[in-house]
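In the numbering used here, the protein residues as written are 3 to 292.
All C-beta atoms in this analysis are idealised placements derived from N, C-alpha and C, irrespective of residue type, glycine included.
See below:
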């Protein structure tokens, strides 16, 4: 399976409206514990979803597979792609890299990622995520991982200007109990977790979920193990001709969210911006040429 191809999750979501009631029940059962749900025997999958064996066979054919073995084979390829190290990812691109300058090849890959991502984002779900993040009555917690902490910090910096009542959760797990001490029902955790998913991030999500917090997850096309706990998942395509995955599409979603959130309570946000500018002026932090 080529990494930039559709995932099985993508196919299921695209076909949901065309499925029968039983097939849709099966599809939602698969997505609920994706991708592990599809790795067992066909009979076990049917039993877990409370549907018949023929229903499983019909649905995988509707997804474009000859049968359940083909469906499972592609699912296993997705799992292998999920856990690739940077060296393995580089070798994949090095073997199949098209001709042309890296600037063009990399840009083409990013544009393709953006196109695929926007084609699968649910606008209503995105709007719901923006409303949760914008609500000043909910304490907002933002957390990233080893690499994604940079995007978490970027989002946090902007949210500091836009709204009060928020916390940047540091990436070290020994500090998390202190942050979680004050987290409660209705609070919001924005969590970044992309492949080579981090066990500490999953544990934090489990604890936040147990306390009744809402979770907005930024992840990749294969989806973090945090996904089943998330109220809203925003998945991005991340594969580029590099040993490293790309953050470009995820950053696009983050910046779009920032723009939407600032507009939801623009009156209050504008006042905070004006006050911040006054503080900047008093500290002479920035040079002025007027």
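Give a yes or no on whether the C-beta atoms belonging to residue i and residue j are separated by under 9 Å.
| i | j | result |
| --- | --- | --- |
| residue 166 | residue 35 | no |
| residue 263 | residue 161 | yes |
| residue 24 | residue 57 | yes |
| residue 169 | residue 142 | yes |
| residue 1 | residue 20 | The structure shown does not extend to residue 1, since the chain is modelled only from 3 to 292, so the question has no answer here. |
| residue 129 | residue 190 | no |
| residue 145 | residue 163 | no |
| residue 194 | residue 265 | no |
| residue 81 | residue 47 | no |
| residue 127 | residue 203 | no |
| residue 350 | residue 116 | Since the first residue shown for the chain is 3 and the last is 292, residue 350 is missing from the structure and cannot be characterised. |
| residue 209 | residue 178 | yes |
| residue 16 | residue 118 | no |
| residue 221 | residue 237 | yes |
| residue 70 | residue 83 | no |
| residue 2 | residue 131 | No answer is possible for residue 2: the residues shown for the chain start at 3 and end at 292. |
| residue 124 | residue 239 | no |
What are the boundary residues of the beta strand (DSSP E) that includes residue i?
| i | result |
| --- | --- |
| residue 170 | 168 to 171 |
| residue 237 | 234 to 238 |
| residue 145 | 142 to 145 |
| residue 219 | 216 to 222 |
Report, in whole angstroms, the separation of the C-beta atoms of residue i and residue j, which I expect to be a contact under 8 Å.
| i | j | result |
| --- | --- | --- |
| residue 247 | residue 197 | 7 Å |
| residue 111 | residue 256 | That belief does not hold up - the Cβ atoms of residue 111 and residue 256 are roughly 19 Å apart, past 8 Å. |
| residue 66 | residue 13 | 7 Å |
| residue 51 | residue 28 | 4 Å |
| residue 153 | residue 232 | Incorrect: roughly 16 Å between the Cβ atoms, too far for contact. |
Can you tell me whether residue i is buried or exposed, with buried defined as 16 or more other CB within 10 angstroms of its CB?
| i | result |
| --- | --- |
| residue 55 | exposed |
| residue 11 | buried |
| residue 285 | exposed |
| residue 78 | exposed |
| residue 187 | exposed |
| residue 280 | exposed |
| residue 4 | In this prediction, residue 4 scores a pLDDT of 41, lower than 50, which makes its location untrustworthy; the coordinate-derived value is nonetheless stated afterwards. So residue 4 counts as exposed. |
| residue 6 | Note that residue 6 scores a pLDDT of 44, beneath 50, so its modelled location is shaky; the value from the coordinates is reported in the next line. The residue in question, residue 6, is exposed, as its Cβ has fewer than 16 Cβ neighbours within 10 Å. |
| residue 103 | exposed |
| residue 276 | exposed |
| residue 109 | exposed |
| residue 273 | exposed |
| residue 261 | exposed |
| residue 251 | buried |
| residue 37 | buried |
| residue 207 | buried |
| residue 216 | buried |
| residue 150 | buried |
| residue 30 | exposed |
| residue 282 | exposed |
| residue 268 | exposed |
| residue 300 | One cannot answer for residue 300 here, as it falls past the ends of the chain, which runs 3 to 292. |
Where do the N-terminal and C-terminal ends of the alpha helix (DSSP H) with residue i fall, by residue?
| i | result |
| --- | --- |
| residue 263 | 250 to 266 |
| residue 17 | 10 to 17 |
| residue 44 | 44 to 51 |
| residue 64 | 55 to 64 |
| residue 125 | 125 to 136 |
| residue 26 | 23 to 34 |
| residue 122 | 104 to 122 |
| residue 164 | 151 to 164 |
Taking 9 Å as the CB-CB limit, is residue i close to chain C?
| i | result |
| --- | --- |
| residue 219 | Among the protein chains of the structure shown there is no chain C, as only one such chain exists. |
Restricting to runs no shorter than 3 residues, where is the beta strand (DSSP E) found entirely within the region 170 to 209?
190 to 194
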